[in-house]
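Notes for the one structure printed next.
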Amino acid sequence: MNKKLAVTEARVLEASWELLTQDGIEKFSMRKLAKLIGIQAPSIYWYFKSKQLLFQALANHVAKDVLLAMEPEGDWKEQLHHYAVTMRNQLKKYSCSAQLLMQTLPLESDYLQMIDQFLQALEPLSLTDKEKFNYIICIINYVLCHELDEYERQQVENELEDENQQSLEEWALRAFEQVPPEKVSIIRRMYTNGLFGEVGTDEMFEAGLDIFLSGIEQRIVNNL
64 MNKKLAVTEA RVLEASWELL TQDGIEKFSM RKLAKLIGIQ APSIYWYFKS KQLLFQALAN
124 HVAKDVLLAM EPEGDWKEQL HHYAVTMRNQ LKKYSCSAQL LMQTLPLESD YLQMIDQFLQ
184 ALEPLSLTDK EKFNYIICII NYVLCHELDE YERQQVENEL EDENQQSLEE WALRAFEQVP
244 PEKVSIIRRM YTNGLFGEVG TDEMFEAGLD IFLSGIEQRI VNNL
């Protein structure tokens, strides 16, 4: 007979990741989590008083992994590029991690340290604290939204294909046919050239990140 795993806070967090992978964040509940662990539903609140506090802990777990992977090398631009790419890569390792960070406040220890590490890249520069904070939050939100958009797009694509029993290409072509050609000439050309398929790719992520970093660089020049 298999021995039951001891219920600890670490086990609750581990099971939470399992449930997020299985059901997604939309269907996540403390009752389902308790069932997965093998305990009575009220008992789960002994470890975390609410789902929000559990989500805070999960978000902090992700932030800790991001922080550990950050290596402050190069100039400020190289550092921020590395931090953003590192954060994106770590988010991909955990189901619904972008949603978790979007739905929680950065009030946990590792989460705060992660943000501070981003800020340290801009600390020596001729920027106000408000500018530094705004720029870093924009970059972090860009990373989160890029991953969130990829997740949501996949969910919508799967649902559309299941409900309509047709490929997304057929769906798109039908949509274009319902609009006068001159009203969608540019977007249709881009669709035909395969640009829609680049949404969510590394190349598109890098392009957006470069816009942010170039914008910060220009602000620094303007402040000199």
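Residue numbers (the working numbering): 64 to 287. For each residue, glycine too, the CB sits at the ideal point set by N, CA and C.
Option nearest residue i by Cα separation, candidates the options
i	options	result
K127	Y108, T149, S113 and W139	T149
N152	V206, R216 and V70	V206
I100	Q115, E72 and Q119	E72
I88	P105, F111, W109 and Q115	Q115
M177	L131, F91, I283 and A235	L131
C208	G137, F91 and L272	L272
Nearest-angstrom Cβ-Cβ length linking residue i and residue j, presumed shorter than 8 Å
i	j	result
Q183	P135	7 Å
F196	Y146	With a Cβ gap of about 15 Å, F196 and Y146 do not count as contacting.
L154	A122	With a Cβ gap of about 11 Å, L154 and A122 do not count as contacting.
P142	L211	Note on identity: in this sequence residue 142 is Gln, with Pro being the wrong assignment. In fact, because the Cβ distance is near 24 Å, the residues do not count as touching under 8 Å.
F275	C201	6 Å
A270	Y254	About 18 Å; that fails the 8 Å criterion.
V247	R216	About 20 Å separates the two Cβ atoms, so there is no contact after all.
Exposed unless 16 or more other CB atoms sit within 10 angstroms - verdict on residue i
i	result
N286	exposed
F118	buried
F111	buried
M64	Unreliable placement is indicated for M64, whose pLDDT of 36 sits below 50; no coordinate value is reported for it.
T191	exposed
K66	For K66, the predicted structure reports a pLDDT of 46, less than 50, and the residue's modelled location is therefore unreliable. A value from the coordinates is still provided. Answer is exposed; the Cβ neighbour count stays below 16.
W139	buried
V29	Given that the chain is displayed from residue 64 to residue 287, the structure contains no residue 29 and the question cannot be resolved.
*Only counting runs of 4 or more residues, tell me where the alpha helix (DSSP H) segments fall wholly within the stretch 83 to 158, in order along the chain.*
93 to 100, 114 to 132 and 139 to 154
*Could I get the ranges of all uninterrupted alpha helix (DSSP H) runs contained in the stretch 157 to 217, with 4 residues as the minimum, in chain order?*
160 to 165 and 172 to 185
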